[in-house]
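Enquirer:
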Amino acid sequence: MAATYGLAVLVGVYLVAVGGVPILVVGLSSIAAGVLYTGGPYPYGYRGLGDLFVFVYFGVVAVTGTFYVQAVASGDVALFPTWVPDGTVPPAAVVASLPAAGVSTAILVVNNVRDRETDAAAGKRTLAVILGYRWGRVEYLLLMGMAYVVPVVFALDPAYGLPALAPLASLPLAASVSKTVVERTDGEALNPALERVGQTLFAHSLLFAAGLAAPAVELPALLFAVIA
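Residue 957 is where the sequence shown ends in the numbering used here, and the numbering goes up by one at each step.
Structure (structure tokens):
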């Protein structure tokens, strides 16, 4: 763990040099969030807050932070800004972070559903312990569903169009693993499910990034091309 944090600090030095105070704050708060998840006198991961922090840091912060650093590095902005310059984190970047946030949190949900009984016996009140199996699965489905609604929202914007729907190609994988999560609670089934949700996250993120970067193709234009 120390080696991982050490590597993160080394990389973070460069990111802070570019992104300035906002990235410094994000980096320090991320380290604190990682340590306090299970450490300290009041580990928030055992008080039903783990899902929220994973959603924020593994999704919203990760994606918008990356966008912000790229915007500062490539834009007409002085290095090491003391505050977030206008236009470096547009609302679209925040919305685009939601699929990664949702599927990342879904991984934690699967883990906590699998460990619900042992966590409850140990006094660890994860959200799965608090909500129970039924509502824990509802949370999982909502998170996964959000990951596939957001690309549709982007596709409706002419600036992105149909290429934004590329993540839907990962839907069969998501549906398959979701069936397992809904039907099973044992480690024999959910251990492989954890890996498959991770694969879904990788595939979805790669396809979404490619779709947003691709030239926009509006639906009427596509239909005309097919008819012609």
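From the three backbone atoms N, C-alpha and C, an ideal C-beta is built for every residue, glycine too.
#1: Do T929 and A893 have their CB atoms nearer than 8 Å?
#2: Which whole-angstrom value describes the C-beta separation of T817 and Y797, a residue pair presumed to lie in contact below a C-beta threshold of 8 Å?
#3: Which runs of the alpha helix (DSSP H) spanning at least 4 residues fall entirely within the stretch 892-919, listed in chain order?
#4: Could you please give the first and the last residue of the uninterrupted alpha helix (DSSP H) stretch that includes A732?
#5: Could you tell me which of R925, T733, Y743 sits nearest to V832, measuring between CA atoms?
#6: Could you give the distance in angstroms between the alpha-carbon of F953 and the alpha-carbon of G940?
#7: For the putative contact between Y877 and L891, defined by C-beta atoms under 8 Å, what is the C-beta separation to the nearest angstrom?
#8: If we call anything under 8 Å between Cβ atoms a contact, is Y862 one with V842?
#9: Going by beta-carbon coordinates alone, are F784 and Y766 separated by less than 8 Å?
#10: Return the CA-CA distance between A957 and V946, expressed in angstroms with no decimal places.
#11: When you compare only the Cα positions, how much space is there between G749 and P814?
#12: Is G735 closer than 8 Å to V745 when the C-beta atoms are compared?
#13: To the nearest angstrom, how far is the alpha carbon of R854 from that of R776?
#14: Buried or exposed: V858, going by 16 or more other Cβ atoms within 10 Å of its Cβ?
#15: Quick one: Cα of A884 to Cα of A895, how far?
Expert: According to the data block:
#1: no
#2: 5 Å
#3: 900-912
#4: Here the alpha helix (DSSP H) through A732 covers 731-748.
#5: R925
#6: Unreliable placement is indicated for F953, whose pLDDT of 49 sits below 50; the coordinate value is still reported in the next sentence. Distance between the alpha carbons of F953 and G940: 21 Å.
#7: Contact doesn't hold; Cβ gap of about 15 Å is too wide.
#8: Yes, Cβ-Cβ distance for Y862 and V842 is below 8 Å.
#9: no
#10: Legend: pLDDT at A957 = 49, less than 50; position of this residue unreliable, value from coordinates given subsequently. Taking the straight line from one Cα to the other gives about 16 Å.
#11: A straight-line Cα-Cα distance of about 11 Å links G749 and P814.
#12: No.
#13: Near 5 Å, if we compare the C-alpha coordinates of R776 and R854.
#14: buried
#15: Answer to the nearest angstrom: the Cα atoms are 10 Å apart.
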